[in-house]
Structure formats: C-alpha cells, structure tokens
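Okay, structure first, notes after.
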Amino acid sequence: MLRCSFPRRSAREAGTPPSRIKGSPPFSGREFLLRIRRFPLLPLKPQSSVPLPSFFKDSEPMNVSHTIDAKNNGVITVAIAQADFADKVEKALTDYRKRANIPGFRPGMAPMAMIRKQYESSVRIDEVNKMLQDGLYNYLESEKLEILGQPLPMPSQVDFAAESFQVQFEIGVAPQFDLEISEKVKLPYIEIEPTKAVIDEEVENIRNRYGKMSEVDAVGVEDILFGSFQMVDKKGQPVDGAEAKEGRVGMKSISDKKVAKAALAMKVGDTLELNASKHFADTFKLEDVLGLNEIEQAASTGLFMLTLKTIYHLEPADINQELFDKLFGEGAVSNEAEMRSKIEEDLKGLYQRDADTHFFNTVTDHLMKTKMNMPEAFMKKWITQQGEKAPSMEEVEEQWPNTEKAMRWQLIEGKLVREQHLHVLKEELVAHAVSMVKSRMAQFGQMMDDAQAEQLAMSVLQNREQSEQLSEQILQEKMMAFFKGAFTLKTSKSNYADFLKLANRNK
682 MLRCSFPRRS
692 AREAGTPPSR
702 IKGSPPFSGR
712 EFLLRIRRFP
722 LLPLKPQSSV
732 PLPSFFKDSE
742 PMNVSHTIDA
752 KNNGVITVAI
762 AQADFADKVE
772 KALTDYRKRA
782 NIPGFRPGMA
792 PMAMIRKQYE
802 SSVRIDEVNK
812 MLQDGLYNYL
822 ESEKLEILGQ
832 PLPMPSQVDF
842 AAESFQVQFE
852 IGVAPQFDLE
862 ISEKVKLPYI
872 EIEPTKAVID
882 EEVENIRNRY
892 GKMSEVDAVG
902 VEDILFGSFQ
912 MVDKKGQPVD
922 GAEAKEGRVG
932 MKSISDKKVA
942 KAALAMKVGD
952 TLELNASKHF
962 ADTFKLEDVL
972 GLNEIEQAAS
982 TGLFMLTLKT
992 IYHLEPADIN
1002 QELFDKLFGE
1012 GAVSNEAEMR
1022 SKIEEDLKGL
1032 YQRDADTHFF
1042 NTVTDHLMKT
1052 KMNMPEAFMK
1062 KWITQQGEKA
1072 PSMEEVEEQW
1082 PNTEKAMRWQ
1092 LIEGKLVREQ
1102 HLHVLKEELV
1112 AHAVSMVKSR
1122 MAQFGQMMDD
1132 AQAEQLAMSV
1142 LQNREQSEQL
1152 SEQILQEKMM
1162 AFFKGAFTLK
1172 TSKSNYADFL
1182 KLANRNK
C-alpha cells in the first residue's frame, strides 16, 4: 500500500510532539518512467564512438511500423534498404579519404578501394545506427507513443550489406487510464483537536525547558540522575571491551516501582543496576540516551550499572511576563490564558500537517485502485538489462510488487500534473527555498534579509538531490490543495492519541 511518510519536525516552544505515525516514503518511480528521447540503440561496434545526431523534423525514408498487445507490450519494426543510406555512406567515406593520413600516400590521395575495404563496414553500421536513432525518435513522436523504459533491440543476425533488412525493438507502452476524481467520491478527513491534557503537558514542558537546574544532595521524584553507566553481564560484572558511558536519567522515566524506590534512596557514589528494556517507560531508550552506536547496541546486554555522580533538581519556570516574552516575543502575550491559546493554535497547525498527510494517503489508496495494463513482461526484461550491476530476473520478480507500485504512482502523478496544471515553476522553487532557508536560520536565532536568503537558497538549489526534494514538497502541496477541492471530505473530529491509533491501524 502506498504511503506518504510524516515529516520529522523540530521542536517549537509550544512543545511539538514528534510524529508517531508509521509510514514509508511515497514511491517516486522516476527511474522507471523515461520520456521519449534518443537512445544509443545499436552498440554493434563498441569501439566506435557515435555521437547522438541532432533532431531532424523530416521523417527518415525507411519504413517503420509497430504492434502492441493487450498488455501494452509492443514491437517496433524498422525496414531499411541500402538506398536509404548508401549516399550517406559514400559521402562519409569520401570525407574520410580527404582527411585520412595513410602511410605511403599523401593526405587525401589514398585509393578509394583501400578506404572502402578498411572502413566501409564500420561506416555503414554507424550510419544505420544514426538512422535508427532518428527514425525511432521521429516515429514515437509522430505516433504519439509514450513508452516506459527504453526500446530493447531484439536479437537477430543483421546483414548490413543486404539490399534490405529489418531491425526490431521491444517496447513497453504507457497504459491509458482514467482517474476517478469527482465530488461524488467521498473520502474521510480527520480534524485533530488538542485536548486540555495535552495543552497542560505542553505548559509543563515549557516551564521545565525554561526552568533552573541545581545540584542537590538527595534524590526527589522529579529529579535527574547523572552518572557513569557501565554495561554488565547477568552476574553484574563489567562486559569486556565495553567502555562506561556518561548520561542522565530522569526519575519520571523509571517505570519499575522497586527500581524507582531504590533510586530515591541513592547518594552520590552509590550504584544501581538498571535493565534498559524492563525498568523504563516505553518511550525511553537508555541505549539511545547513552549514545550507543548500532554495533554497540547490537552487542548490548541491556544491563547497566549506574554509578551516581550528580543529582540535579529542576525548578520549573514561573508563569509570568518574562516567560511570555521569551516564548512569543515582547508584549505579544500578557497572561496564561493567552499563552494557552497560542499553544493550542500552534498544536492545531502541527496536527493539521499529520491530518493532511493521512488524507493524502487516503487519496493515494483510492487512486492506486485505478486499473492499468502495465507492460509487465517488457519492463521486467528491461530492468535486467540496466547497467553492469543489473538485477537478475529472480531479483526483479521478487521486487516487482514494489516496482509496479512505483511505476503506477508515477504514471498517476504525471497525469495529474499534466491535466491539472500542477507543474512546479522555477520561481516557486526559488521562493520555497528562500522560505526554508529563513525558517532554518531563525531556529538558530539568525535573521536574514531577502537578498542573503536568496543567495543561500540558490546555493542549496545547486544540489540536485535537495532541489528535487524541494520540488517534491511543492508538488505535494499543490496536489493536496487540488485533492481537497476535487473530492468531498467527510470530516470528523478526533484527539491526537486516537488519530495515531487510527492512522497506524490503517498503515
């Protein structure tokens, strides 16, 4: 099932809850959908470098035809006669003779028979190759055949010296299909409302974030334990080769009551054995807190001996004008009610992103039900011939469900862009990059004017991968706006916790 992932967000002052909706990035499929263009189709003489010819509007004199089966696998047949290219071969040989520097003869004076004997065969192949490239391109364009992948030459013994001969190519034709997009189609859309409990939690997070940390002698239920964590075995002995890591653990993260009681009795210098998988809340990952890499986590026993070094007590910040100004700017908020209203507004904006993404997935599921006759046989064969490290047919078969989904979505996306005019314009891309740069710099407290931001944005767009990512973001925003207007939305309200359960159940 096609899924759009929920973006990782940076925490804002209102306490952004990280998205917990499971998903995978949408299939792009761009490597499978190649628009009509010129290809080096007959590499019969690898040592001969033949540059791609320029575009000719006039059709080549050769005879070209095609057949397509019910599943859009096709064959293009090109019939060529010597008369189609004889003059070009003769001209090429004459031109070469003028430039040839052959021992025993002055430049341009070598016998034509010698030139013909040595070079006519390769020149003929080169000219045929050029004709095939131009002829195929022009034919695909004139017949308005939109193909997937590239034409594949069919194995055959071609006698280029014969009066006439045929060359055939396998092709995969892009399927024709209609999308069910109408106001008659009703799709669910969930509006997520922040609850009082969530807003209370965000207020607490803010107070803690701006609170004051101090060292104390005794452990309290809301204090933080800082110390050295040594990985140990089941007998409590240090694991050979495992270095002790420094880190901190909040008392609130300890879920085991017996361990929490033991921690409350600790003094600086005391030790306590902790089980990473049994003693903590589900959302707390001790190995991550300690900064263990993938190899260290794979070898971890999950048991750690904490040697307490420091006890920290956090005094939450008071809810006053000083806190309001730090959060929202001087004078923007003057009381707790206004602060809570701002937090609710920010949360609604963040929740809407997840609601929109869920709706996008819903629309995607609907559109992916569209029936298409994909040229499966051709595409599987074509994929096995791409590059030196091309996958085997067995590997292609194994990955085909995902590959087909990628191709199907790319075809759907392309149809939407063309028919609904959703193309991403250069000025839109630049404006989006400028906005992104300003937003990111603001997170570090740096304000940039338009000229500085645009200069940095243009530098970002020089990176092809980043440029494509930004283009995809803009396209998705355009598609989202189109979807909201094209379908009838069956709106319902939910809190964030219930929304997460629903979204993950339907993943």
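Here the sequence shown is numbered in our numbering, starting from 682 and rising by one per residue.
Where a beta carbon is used, it is the ideal one built from N, C-alpha and C, also for glycine.
For residue 808, no beta strand (DSSP E) run applies; the uninterrupted alpha helix (DSSP H) run containing it begins and ends at 793-823, by DSSP.
Taking C-beta separations shorter than 8 Å and ignoring five residues to either side along the sequence, the partners of residue 914 in its chain run 920, 982 and 984, following chain order.
It is roughly 11 Å from the alpha-carbon of residue 1038 to the alpha-carbon of residue 1031. The segment 1052-1062 and the segment 784-801 do not touch, with fewer than three beta-carbon pairs separated by less than 8 Å. The secondary-structure analysis by DSSP pairs residue 993 across a beta bridge with 896 and 905. Distance from the CA atom of residue 1163 to the CA atom of residue 1140, rounded to whole angstroms, is 31 Å.
The beta carbon of residue 789 is closer than 8 Å to those of 778, 779, 780 and 781 in its chain, skipping five residues each way along the sequence. It is roughly 26 Å from the alpha-carbon of residue 1054 to the alpha-carbon of residue 867. In the structure shown, the three-state DSSP call for residue 1045 is helix.
If the five residues before and after residue 999 are omitted, its C-beta is found closer than 7 Å to no C-beta atom of its own chain. Beta-bridge pairing by DSSP links residue 912 to 985. The bridge partners DSSP lists for residue 847 are 760.
Contact annotation: the segment 1000-1010 does not touch the segment 1125-1132, with fewer than three C-beta pairs closer than 8 Å. In the structure shown, residue 784 falls within a coil segment according to DSSP collapsed to helix, strand and coil. Runs of alpha helix (DSSP H) with 4 or more residues, each lying fully within the segment 1075-1147, are found at 1107-1124 and 1131-1142, listed in chain order. Ranked by Cα distance from residue 1090, the options 858, 864, 874 and 783 are led by 858.
Contact annotation: residue 745 and residue 849 have beta-carbon atoms that are not nearer than 7 Å. Taking every protein chain shown into account, the CB of residue 1138 has 16 or more other CB atoms within 10 angstroms, so this residue is buried. Distances from the alpha-carbon of residue 872 to those of 1184, 1143, 1182 and 1176 put 1176 closest.
Of the candidates 953, 1181 and 824, the residue whose Cα lies closest to the Cα of residue 906 is 953.
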